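If you're matching positions, the sequence shown starts at 46 in the working numbering and goes up one per residue.
All residues carry an ideal CB built from backbone N, CA and C; glycine is no exception.
None of the values given here were measured: they were computed from a predicted structure.
Structure first, then comments.
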Amino acid sequence: MPSPHARLHLAPNTYFVRDGDNFLPTELARSPWHGTKWIAGGPTSCLLASCAEDAELNERFAIARFQLDIFGKVPNLPLSSSVKALRDGAQTKLHCVSLLANGEVVAQAHVLRVRRLATPDFSMPSNYPKPEDMPLGKVPELAQMGGSVSFRRVSGDPGVPGRSVWWMTMNGGEVIEGQTPSNFVKACLFADFGHGFGNALRPTEWAMPNLDITVQFMRMPVGDWFLLDAETHTAGNGHGTAHTLFADEMGVYARGLQTVFIAPR
């Protein structure tokens, strides 16, 4: 039988391979800023989102906020998870999902759920072009998830500072091997792309890893295509903030924020 680490090379288009209670990162999960010793924010985000899902709770409660904090760097080691209820009310529930390496917490997500109730709809206006009308765009290799994520460009480019608007879709990729990711999990993966697509500085000159991710959901996304409308700003003091609007073909479904650490390459 091959060792667990040998299996990492045999899981195409997958970020993690389950090994008992652990999740083993594959080569696709590596960080674009820190090399093979560390895990990127996107795989960290969608793994925690996968661990936070609860089919029974989701029937009665809508996920209103997903908030991720990364404690330093997430190591490229076997990872485990734990879930703790911080608030267990009749109207709202707050869960803390922790990711651990060697028994130490390396990242943590707080998931806020609100009870489902029919209320007036006051949606944000959305006039983005349809994904099928937009051309394919060139993106960094790691963002492509081994060819499982496709992109269509509306405006802007990942390597050029300024606002950027892109459609993206996941075709057959898996966060955890053998497990089809939900649209919530996909949304938490793409939420990490905001500061990379709508960046403030050139990534060839500046390292810009994000320290956190916050997504406030008005509703869950529907369909296969996810749009990011992102831009990052900095006051020239070593960090910045990325703001992202998230939409599907029905309109805007969430807002997002990231705190970005900035340093010379």
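*Measuring CA to CA, which of Pro77, Ala146 and Ala275 is closest to Phe116?*
For the purposes of this step, residue 116 is taken as residue 71 along the sequence shown, with counting starting at 1. The shortest C-alpha separation from Phe116 is found at Ala146.
*When DSSP builds the beta bridges, which residues end up paired with His140?*
Here residue 140 is taken as the residue at index 95 of the sequence shown, counted from 1. DSSP lists Ala130 and Val156 as partners of His140.
_Backbone secondary structure at Met295 - three-state DSSP_ = Taking the sequence shown and counting its residues from 1, one reaches residue 295 at position 250. Here Met295 sits in coil by DSSP.
*Does the beta-carbon of Asp166 have 16 or more other beta-carbons within 10 angstroms, so that it is buried, or is it exposed?*
Residue numbering aside, residue 166 sits at position 121 when the sequence shown is read from its first letter. When all chains shown are included, Asp166 counts as exposed.
*Can you name the start and end residues of the beta strand (DSSP E) that Phe238 belongs to?*
Locating residue 238 in the sequence shown gives position 193, where the first residue counts as 1. Where Phe238 is concerned, there is no enclosing beta strand (DSSP E), given that its DSSP letter is neither H nor E.
_Taking the straight line between their C-alpha atoms, what separation do you get for Lys82 and Ser168?_
In the sequence shown, the residue the question calls residue 82 occupies position 37. In the sequence shown, the residue the question calls residue 168 occupies position 123. C-alpha separation (whole angstroms): 42 angstroms.
*Exposure of Lys183, with buried meaning 16 or more beta-carbon neighbours within 10 Å*: As a first step, residue 183 is located in the sequence shown; it is residue number 138 there, counting from the start. That one is exposed.
_Burial state of Phe291, where buried means 16 or more other Cβ atoms lie within 10 Å_ = The sequence position of residue 291 within the sequence shown is 246, counting from 1. When all chains shown are included, Phe291 counts as buried.
*asked:* Assuming Asn67 is part of the beta strand (DSSP E), what are its boundary residues?
replied: For this step, residue 67 is matched to residue 22 along the sequence shown. Residues Asn67 to Pro70.
*Hey, Asp202 and Pro123 are a contact pair by Cβ (cut 8 angstroms); roughly how many whole angstroms apart?*
Position 157 of the sequence shown holds residue 202. Position 78 of the sequence shown holds residue 123. The Cβ separation is near 36 angstroms, so there is no contact.
_Rounding to the nearest angstrom, what Cα-Cα distance links Ala74 and Asn67 in this structure?_
Along the sequence shown, one-based indexing puts residue 74 at 29. Along the sequence shown, one-based indexing puts residue 67 at 22. Near 15 angstroms, if we compare the C-alpha coordinates of Asn67 and Ala74.
*How would you call Pro185, buried or exposed, if buried means at least 16 neighbouring beta carbons within 10 angstroms?*
For this step, residue 185 is matched to residue 140 along the sequence shown. With fewer than 16 Cβ atoms within 10 Å of its Cβ, Pro185 is classed as exposed.
*If you follow the beta strand (DSSP E) that Thr89 is part of, which residue opens it and which one closes it?*
To locate residue 89, count along the sequence shown from 1; it is residue 44. Where Thr89 is concerned, there is no enclosing beta strand (DSSP E), although the alpha helix (DSSP H) it sits in stretches over Gly86 to Ala97.
*Name the DSSP beta bridge partners of Gln112, please?*
The residue you call residue 112 lines up with position 67 of the sequence shown. According to DSSP, which records beta bridges pairwise, Gln112 is partnered with His155 and Thr259.
_Extent of the continuous beta strand (DSSP E) to which Arg161 belongs_ = Here the question's residue 161 lines up with position 116 in the sequence shown. Careful: Arg161 lies outside any beta strand (DSSP E) and carries neither H nor E.
_Distance between Pro206 and Pro226 (C-alpha atoms, nearest Å)_ = Residue 226 sits at position 181 when you count from the first residue of the sequence shown. Residue 206 sits at position 161 when you count from the first residue of the sequence shown. Each residue's alpha carbon lies about 31 angstroms from the other.
*In the structure shown, what three-state DSSP assignment does Gly218 receive?*
Counted from its first residue, the sequence shown places residue 218 at position 173. Three-state result, Gly218: coil.
*With DSSP as the reference, please indicate the residues paired to Glu276 in a beta bridge.*
Taking the first residue of the sequence shown as 1, we reach residue 276 at position 231. Bridge partners of Glu276: His288.
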